[in-house]
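Heads up: the sequence lines are chains A and B, in that order. If you read the first sequence in the working numbering, its first letter stands for residue 20, the second for the next number, and so on. If you read the second sequence in the working numbering, its first letter stands for residue 4, the second for the next number, and so on. We put the beta carbon where it would ideally sit given N, CA and C, even for glycine.
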Amino acid sequence: ETGVTQTPRHLVMGMTNKKSLKCEQHLGHNAMYWYKQSAKKPLELMFVYSLEERVENNSVPSRFSPECPNSSHLFLHLHTLQPEDSALYLCASSQDGAAWGELFFGEGSRLTVL
Amino acid sequence: DAKTTQPNSMESNEEEPVHLPCNHSTISGTDYIHWYRQLPSQGPEYVIHGLTSNVNNRMASLAIAEDRKSSTLILHRATLRDAAVYYCILRGRDDKIIFGKGTRLHILP
C-alpha cells in the first residue's frame, strides 16, 4: 500500500463526458503533482500544487482542470477530451518541494477516451 | 532545463550486480541527482538520491563522479523483481521533476 491513493484505477469515457480523477495522500505532504504517461512516451509533468496553490501549469489544454481543495486532496477534472488524451494519469506528493525531497506516486488512473 | 542521458535498455543476469549509467553534463551546483524506477503497471518509486558524495541505502548505491557530470546506480544483486524502467533525474530549486525515457532493465533468470 502506498501513501498516495488514486481513484478510479480505470476510467472509460466518451468525448462529451465530464469526469474527475481523485488523488489523496496520507503522508502529511504539502506539495502535489499530476503527471501524464502516454504509451511509449516519458512521463509529462502537468500541474504542481504547493501549499494548495498552483505553481506549475505546463501548457496543459483547458479541457484538463486541476483542483486542490486542501493539502491532502487533488483532483483532475476532465471534459470534452480527445482520444489522444487516453493515458495513465499519475498523482504524486512530496514534502516542502525541496530539491532533495522524494516524490511518492500513486498507482495511477488508466483513462480511455472513446 | 537540465537533462540526463541514459541507455535505452540493459540486460543483466539474476543475482549479479547491475551498473546503470547516467550522464548529466549540464548539471548545476544545486541540482540533486535522483533515481526512480517504474515496475510494470505501477507508478514510479523513489530509489535513491545524492548531491556530491556516494550514497547507499537498502535498495541501491549511487556513485557520483567527482565532476558530477555522470552518475551510476548500482544494484548489488539483481533479482527478477528489479526488472523495471530506471529514471535518472536532476532536481533543482525550481522543484520540477522532469522524467526522461529512462533505461529499461531486463533481468535474465
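Nearest neighbour of residue 51(A) by Cα position, chosen from 121(A), 96(A), 100(A), 90(A), turns out to be 90(A). Listed by position along chain B, the residues whose Cβ is nearer than 7 angstroms to that of residue 127(A) are 46.
When secondary structure is reduced to three states using DSSP, residue 103(A) falls in the helix class.
Where residue 88(A) is concerned, the enclosing beta strand (DSSP E) starts and stops at 83–89.
The beta carbon of residue 19(B) is closer than 8 angstroms to those of 80, 81 in its chain, skipping five residues each way along the sequence.
The beta carbon of residue 60(B) sits closer than 7 angstroms to the beta carbons of 51 from its chain, once the five residues preceding and following it are set aside; these are given in chain order. Boundaries of the beta strand (DSSP E) harbouring residue 43(A): 37–44, taken from the DSSP string. Here the C-alpha atom of residue 44(B) lies approximately 24 angstroms from the C-alpha atom of residue 48(A). For the set 86(B), 103(B), 64(B), 6(B), the Cα lying nearest the Cα of residue 112(B) is the one of 86(B).
The beta carbon of residue 105(A) sits closer than 7 angstroms to those of 130, 131, 132, all from its chain and outside the five residues before and after it, given in chain order. Residues of the segment 11–37 of chain B that bring their beta carbon within less than 8 angstroms of a beta carbon in chain A comprise 33, 34, 35, 37, in sequence order. The continuous beta strand (DSSP E) containing residue 24(B) extends over residues 21–26. Those residues of the segment 96–112 of chain B placed with their C-beta closer than 9 angstroms to a C-beta in chain A are 96, 97, 98, 99, 100, 101, 102, 103, 104, 105, ordered along the chain.
Comparing C-alpha distances from residue 77(A) to each of 99(A), 115(A), 66(A), 60(A) shows the shortest one belongs to 66(A). Contact of residue 49(B) with chain A by beta-carbon distance below 9 angstroms involves 121, 122, 123, 124. When rounded, the separation of the alpha-carbon atoms in residue 30(B) and residue 74(A) is 23 angstroms. The beta carbon of residue 28(A) sits closer than 8 angstroms to those of 126, 127, 128, 129, all from its chain and outside the five residues before and after it, given in chain order. Out of 53(B), 78(B), 100(B), 99(B), the CA that lies nearest to the CA of residue 14(B) is found in 78(B). In terms of Cβ geometry, residue 23(B) and residue 36(B) do not form a close pair [threshold 9 angstroms]. Counting only the Cα atoms, residue 24(A) lies some 14 angstroms from residue 48(B).
For residue 52(B), the C-beta contacts it makes with chain A under 8 angstroms involve 119, 121, in order along the chain. Here the alpha carbon of residue 57(B) sits roughly 19 angstroms from the alpha carbon of residue 9(B).
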